[in-house]
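Residue numbers (this note's numbering): 2 to 199. Just below is one structure, and these are the notes that go with it.
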């Protein structure tokens, strides 16, 4: 299991993850692998995919298949439809023992707006957009409590504050659930100019 966070801020979308490998990802540093694949998939450095749950047995195969299904697509809007179609075709029937597949797609659309969508197997991968933030993983209660002040506000929070909240959310979750979330935190910022490592 792992914990992934995508939250809008004044300067862009803050994306964060711990480095815990799910049982389906033996030896895989999810934090680095999931967050850094925007350039590899899209040739479009304004978008990133963050998987969670236990259902993608081979994350690299998923990425390769999705990249092929994009067929040159580089805009966020088209990517939403193509990701939904790809998940519905390839992962509608979960493998034995798998309980859940979830994907967060976060990026900047062609008009420069911040977009976050979640695709979940238990809702047929119908994309659900968020005005502020998505937090997903096996243990989200602590993170949501920390992020309540962000999600509930009308205006976007200062980017530095969101980054600190994301780090705190993962760190405190890791303390409470050491078997499922760790403190190996990766944080990045998706802006209209590309993805920045923080």
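Glycine included, every Cβ here is placed at the ideal spot set by N, Cα and C. Every value quoted in this text rests on a predicted model; they were computed, and no experiment measured them.
Tell me whether residue i is buried or exposed, calling it buried when 16 or more other Cβ atoms sit within 10 Å of its Cβ.
i           : result
residue 94  : exposed
residue 179 : exposed
residue 100 : exposed
residue 33  : Here the model assigns residue 33 a pLDDT of 41, short of 50, so the residue's position is not dependable, and the following value carries that caveat. Residue 33 comes out exposed.
residue 268 : This structure leaves residue 268 out entirely; the chain is present only between 2 and 199.
residue 98  : exposed
residue 36  : Confidence at residue 36 is low in this model, with a pLDDT of 41, below 50, so its placement is unreliable and no value can be given for it.
Identify which residue in the options has its Cα closest to the Cα of residue i.
i           : options              : result
residue 111 : 124, 78, 133 and 89  : 78
residue 129 : 104, 19, 149 and 148 : 104
residue 116 : 76, 176 and 177      : 76
How big is the Cα-Cα spacing for residue i and residue j?
i           : j           : result
residue 174 : residue 15  : 18 Å
residue 17  : residue 69  : 26 Å
residue 44  : residue 194 : Any reading at residue 44 must be qualified, since the residue scores a pLDDT of 41, below 50, and its modelled position is unreliable; no value is offered.
residue 143 : residue 170 : 7 Å
residue 133 : residue 183 : 25 Å
residue 162 : residue 131 : 19 Å
residue 4   : residue 196 : 20 Å
residue 63  : residue 102 : 12 Å
residue 89  : residue 123 : 11 Å
Going by the CB atoms, is the gap between residue j and residue i shorter than 8 Å?
i           : j           : result
residue 125 : residue 191 : no
residue 166 : residue 120 : no
residue 87  : residue 67  : yes
residue 135 : residue 7   : yes
residue 198 : residue 186 : no
residue 10  : residue 158 : yes
residue 118 : residue 81  : yes
residue 19  : residue 160 : no
residue 164 : residue 106 : no
Please go through the segment 67-139 and give each complete beta strand (DSSP E) segment of 3 or more residues, from N-terminal end onward. 102-109, 115-121 and 134-138
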